[in-house]
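Using our numbering, count along the sequence shown one by one with no gaps and you end on 228. Every residue, glycine too, gets a C-beta built ideally from N, C-alpha and C. Treat the numbers as computed from the prediction; the structure is a model and nothing was measured. Scroll down for the structure; my scribbles are underneath it.
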Amino acid sequence: MANKNNKVKSTNDLELKDRLVAINRVTKVTKGGRTFTFAAIVVVGNENGIVGWGLGKANEVQAAIAKGVEAAKKNLIKVPVHRGTIPHEQFAKFGGSRVILKPASHGTGVKAGGAMRAVLESVGITDVLAKSKGSSNPHNLVKATIAALGEMRSPAQVAQNRGISIEQVFNG
Numbered sequence: 057m058a059n060k061n062n063k064v065k066s067t068n069d070l071e072l073k074d075r076l077v078a079i080n081r082v083t084k085v086t087k088g089g090r091t092f093t094f095a096a097i098v099v100v101g102n103e104n105g106i107v108g109w110g111l112g113k114a115n116e117v118q119a120a121i122a123k124g125v126e127a128a129k130k131n132l133i134k135v136p137v138h139r140g141t142i143p144h145e146q147f148a149k150f151g152g153s154r155v156i157l158k159p160a161s162h163g164t165g166v167k168a169g170g171a172m173r174a175v176l177e178s179v180g181i182t183d184v185l186a187k188s189k190g191s192s193n194p195h196n197l198v199k200a201t202i203a204a205l206g207e208m209r210s211p212a213q214v215a216q217n218r219g220i221s222i223e224q225v226f227n228g
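Structure follows, in structure tokens:
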């Protein structure tokens, strides 16, 4: 999924905002009747390049959301944001969901729907073109979007890996 080198270790000094992506009511039929529980998928981010997702399950909606936020804080990743957009095109898939992210010029806005929009806005991306294909299941869309963002590399990382200067990365 995400590269090992962009995991965020400590969350103490971060001011994370949480966004609820989806709530699912799950029914379990037992001998005594129906039991309702709730599953909530939550995305947290500081709107400055750090994002994470979590799934919380509980008997009440608020408890499920709280569990989802705690789970999201445990798997944060760092995403390179370059002038409000992403540094390069990226494709990723998870399950039946496939996502395509493309950088956009300033003023374009976040052209993405539903679950992808929540993830991209939590990262702090203001201009991006995004397309989801295949399944629109919010769980898989969030995971695919996070996987795509986890594969992003900044120009400085590319230059360091290739052993060249940042100017040579842009000039070819």
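Based on Cα-Cα distance, which residue from the options lies nearest to residue i?
i, options, result
"Gly112", "Pro211, Ile106, Ile121, Ile156", "Ile121"
"Ala96", "Ile79, Thr83, Leu70, Trp109", "Ile79"
"Gly180", "Val225, Lys73, Asn62", "Lys73"
"Gly71", "Ser178, Asn62, Leu205, Arg90", "With the sequence shown as reference, residue 71 is identified as Glu, and Gly is not the correct amino acid for it. Answer by Cα proximity: Ser178."
"Ser210", "Ile202, Phe226, Asn196", "Phe226"
"Leu197", "Lys87, Trp109, Val85", "Trp109"
"Val117", "Glu126, Lys130, Ala127, Thr93", "Thr93"
"Ile222", "Phe147, Thr86, Lys87, Pro143", "Pro143"
According to DSSP, is residue i part of a helix, a strand, or is it coil?
i, result
"Val166", "strand"
"Ser178", "helix"
"Asp128", "The sequence given here places Ala at residue 128; Asp does not occur at that position. Looking at Ala128 - three-state DSSP - the assignment turns out to be helix."
"Leu197", "helix"
Quick check on the DSSP output: the beta strand (DSSP E) that includes residue i runs from which residue to which?
i, result
"Val85", "73–86"
"Thr231", "Outside the modelled stretch of the chain, which goes from 57 to 228, sits residue 231, for which no answer is possible."
"Gly40", "The displayed coordinates of the chain run from 57 to 228. Any statement about residue 40 would go beyond what the structure contains."
"Arg209", "No beta strand (DSSP E) holds Arg209; DSSP gives it neither H nor E."
"Val107", "106–114"
Measure the alpha-carbon distance for residue i versus residue j and round it to whole angstroms.
i, j, result
"Arg154", "Gly105", "22 Å"
"Leu76", "Val107", "13 Å"
"Thr201", "Met172", "6 Å"
"Ala174", "Val166", "10 Å"
"Ser161", "Asp183", "7 Å"
"Ala212", "Pro194", "33 Å"
"Lys149", "Ala168", "16 Å"
"Ala58", "Ala215", "In this predicted model, Ala58 has a pLDDT of only 49, less than 50, meaning its place in the structure is not dependable enough to derive any value."
Would you call residue i buried or exposed, if buried means 16 or more other Cβ atoms sit within 10 Å of its Cβ?
i, result
"Ile220", "exposed"
"Gln224", "exposed"
"Asn62", "buried"
"Gly163", "exposed"
"Lys199", "buried"
"Val100", "buried"
"Val82", "exposed"
So the alpha helix (DSSP H) residue i belongs to, where does it begin and stop?
i, result
"Ile222", "222–227"
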